[in-house]
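And the structure:
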């Protein structure tokens, strides 16, 4: 399963390594690695909490702190849109579009 993954997100218990160096080597098709664990040791070996769009081998990597700011910007924008109408909702594509607009705006 790891060998065929395009994106790997580690979201385990604090201080637990979920993907070690051998697992990373097996993840030959992974283009994005995200570690949501900010407590050492890293959930994905070799990533740091502050990594933000760092290139590591053939993948772009994000640590918990690196992804956190972007996540909060998307969260704030999404909540703002939800409160525009009683029947408003957002799906994954809407959230992606919000993120892309925020990224384009700098």
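Residue numbers (our numbering): 48 to 153.
We put the beta carbon where it would ideally sit given N, CA and C, even for glycine.
Subject >> Proximal residues to residue 123 (C-beta, below 8 Å), its chain only, five neighbours per side dropped >> reply: none
**OP:** Would you mind sorting residue 113 into buried or exposed? The rule is 16 or more other CB atoms within 10 Å of its CB.
**Re:** buried
Original post:
With residue 90 and residue 84 assumed to form a contact (beta carbons below 8 Å), what rounded beta-carbon distance in angstroms separates them?
Top reply: 4 Å
Subject >> Contacts around residue 65, its chain only, beta-carbon distance under 6 Å, and the 5 residues preceding and following it disregarded >> reply: 57, 59 and 90
Original post:
Should the region 65–84 be regarded as contacting the region 106–121, the criterion being three or more beta carbon pairs within less than 8 Å?
Top reply: yes
Original post:
Considering only residues of the same chain and omitting the five flanking positions on each side of residue 146, which have a CB-CB separation below 6 Å?
Top reply: 121
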